[in-house]
Ligand SMILES: Cc1cc2nc3c(=O)[nH]c(=O)nc-3n(C[C@H](O)[C@H](O)[C@H](O)COP(=O)(O)OP(=O)(O)OC[C@H]3O[C@@H](n4cnc5c(N)ncnc54)[C@H](O)[C@@H]3O)c2cc1C
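In our numbering, the protein residues as written are 18 to 550.
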């Protein structure tokens, strides 16, 4: 079971490799571990539920605490300090669509606010309110509306309960030799319903498609009725209502089931790596590969600081030292950028695709370093998230943010976001470590994924530091024409910046649609539209 106040399972205590700790200490100064509240303390301080006992709803304080937040940095600060801004009044675990309708009817009649809960991995404030809501809050946890309910192998369509987690979904497809190929870093804990309503991107979405390409149809239970989305292969029958559900973040109802497009599990995969002389050459190489129309599943290019940090965090500092010597001999420069490419399919397709990449990278001064870095990266790709626990325990706060922008604006945006973060706490005399990578590359542009770390203080001060950094970075993203989110969604944290890209009329249209399906405004208020009551 996941720790009530962290990412890893109870009883696990991941630690930082010594080289990574040295690198972070050199950048930020010694860590400042902060005291953790105990679960018993938080249970003791939990206010009584405002809901009446019912067979469908658990009022148990621990249950309510475990569903009170997602996984954003403000959530972590709240959980570790035990100062939760709000604790829901109850947790329902429906097992059928009828249960969901019954819960929505009850909530509509009583004005109770409803928050769908998938895996609780939102990093943008999609779960958990800013302050105690005046209305009781009911979490609708989807863990029992889970599993494969229908498989049409001939059409490559699989229907799952919305609460199915990544591993369960892939395990259900595996006996038939199928895969969805959707691997967000949160894969082990997030759910198919969460992926759809947050427009999630997986690490190999270049090949398998983002969730909006994989989501063929489904069913949404809303206070105003039921929305059925048939899984047509394609349709010219007016606007596509699936696109409304994708990114709806619980505002349009509860997605109870999702039909997705599945494919044969690839027989062969390869993740070769190259070192580029610097970040500028790495970006040009990534663009050239992204525009070459090759059947690749992944293109990732890291800044030199991310390259060094990722290798140190993965305990690869010895490989890094050896590599630096080798790269020096090959005149690649003192601060190389790592480029990882993935290809999936038959052996011939994979080999041919990788062969085409070689000249594009060499043109930018890239040197191939074989498959071992890529193989280790793929083997540990979900473990990197565990380092959040290790870093916090060592006295460092870590957060990530991301955007997507066209190639023309990308270099300036990348520099400006990192600068805004690095200098965001200057007036407090605190340093910030920030580094980036291109995680998803498209012909017209790329996502930019930024990791930043700083030292925490007391909970209010830590939250204030995060607010300064998040606001500075978000302003830069918007000013440079980037989207406020390429993959994490909007939640509460990005809601103030949404109008900058949707416009006044666009925001009004979204609010009108939410009002039509949810006349009482009970579904996830505050999320996406920034309309916290
Ligand atoms: C360590 C880590 C790594 C991550 N890596 C990635 C990544 O690689 N790519 C990526 O895209 N994201 C990533 N995320 C973000 C997050 O995992 C995604 O946004 C994910 O899609 C959320 O799924 P979930 O099931 O956990 O949803 P939750 O966090 O439970 O919910 C997210 C939002 O959707 C609503 N919701 C959830 N389920 C439903 C439903 N069935 N019907 C209606 N509304 C619903 C909730 O109310 C909430 O507002 C990462 C997060 C963490 C903590």
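Think of the CB as a built atom: it goes at the ideal place given N, C-alpha and C, for glycine as much as any other residue.
Taking only three categories from DSSP, how would you classify residue i?
i           : result
residue 459 : coil
residue 143 : coil
residue 565 : In the structure as shown, the chain begins at 18 and stops at 550. Residue 565 is therefore absent and cannot be evaluated.
residue 234 : strand
residue 254 : coil
residue 19  : strand
residue 245 : strand
residue 54  : coil
residue 352 : coil
residue 331 : coil
residue 450 : strand
residue 529 : helix
residue 548 : coil
residue 443 : helix
residue 510 : coil
residue 535 : coil
On a CA-only basis, which of the options is nearest residue i? Give me that one, please.
i           : options            : result
residue 365 : 427, 269, 286      : 286
residue 170 : 277, 302, 136      : 277
residue 224 : 361, 354, 298      : 361
residue 213 : 245, 246, 272      : 272
residue 84  : 70, 60, 72, 69     : 60
residue 41  : 469, 485, 151      : 469
residue 302 : 353, 466, 51, 383  : 383
residue 412 : 473, 544, 220      : 473
residue 499 : 464, 63, 217       : 464
residue 530 : 387, 33, 265, 172  : 265
residue 245 : 114, 329, 502      : 114
residue 490 : 433, 462, 541      : 433
residue 65  : 49, 82, 56         : 82
residue 424 : 306, 395, 367, 390 : 306
residue 505 : 27, 30, 215        : 215
residue 421 : 455, 528, 29       : 455
residue 123 : 56, 377, 388, 539  : 539
residue 139 : 520, 544, 375      : 544
residue 119 : 71, 77, 527        : 71
residue 352 : 137, 294, 314, 315 : 294
residue 129 : 116, 153, 136, 111 : 153
residue 459 : 161, 217, 304, 167 : 304
residue 390 : 404, 379, 358      : 358
residue 87  : 158, 256, 36       : 158
residue 519 : 27, 533, 546       : 546
Between which residues of its own chain and residue i is the CB-CB distance below 8 Å, once the five residues before and five after are set aside?
i           : result
residue 164 : 177, 178, 181, 185, 189
residue 535 : 239, 240, 241, 268, 269, 270
residue 414 : 90, 93, 94, 408, 470, 471, 472, 473, 479, 482, 483
residue 126 : none
residue 34  : 329, 330, 331, 332, 334
residue 67  : 106, 153
Give me, in chain order, the residues of the same chain whose beta-carbon lies closer than 6 Å to that of residue i; leave out the 5 immediate sequence neighbours on both sides.
i           : result
residue 44  : 450
residue 8   : The first residue shown for the chain is 18 and the last is 550, placing residue 8 beyond what the model contains.
residue 202 : 402
residue 53  : 97
residue 142 : 89, 508, 509, 510
residue 320 : 296, 452, 453
residue 156 : 84, 105, 108, 132, 134
residue 101 : 85, 95
residue 514 : 491, 495, 501
residue 219 : 199, 200, 201
residue 56  : 21
residue 117 : 111, 238, 271, 273
residue 206 : 136, 138
Please go through the same chain and pick out, in chain order, the residues whose beta-carbon is closer than 7 Å to the beta-carbon of residue i, but skip the five residues on each side of it.
i           : result
residue 248 : 174, 233, 234, 276
residue 373 : 309, 311
residue 386 : 290, 291, 292, 340
residue 381 : 293, 298, 301, 302
residue 542 : 130, 548, 549, 550
Secondary structure, beta strand (DSSP E): runs of 3+ residues fully inside the region 267 to 312: Fully enclosed beta strand (DSSP E) runs of 3 or longer: 271 to 278, 285 to 287, 290 to 293.
Continuous beta strand (DSSP E) assignments of at least 3 residues falling wholly in the region 146 to 221: Runs found: 154 to 158, 165 to 169, 174 to 178.
Residue ranges of each alpha helix (DSSP H) within the region 454 to 507, 4 or longer: The qualifying runs are 476 to 496.
Contiguous alpha helix (DSSP H) assignments of at least 4 residues, all confined to the region 60 to 133: Segments of the alpha helix (DSSP H) lying fully in the region 60 to 133: 78 to 83, 90 to 98, 114 to 127.
Runs of alpha helix (DSSP H) lying entirely within the region 358 to 428, each at least 4 residues, in chain order: Complete alpha helix (DSSP H) runs here, min 4: 364 to 379, 389 to 396, 404 to 410.
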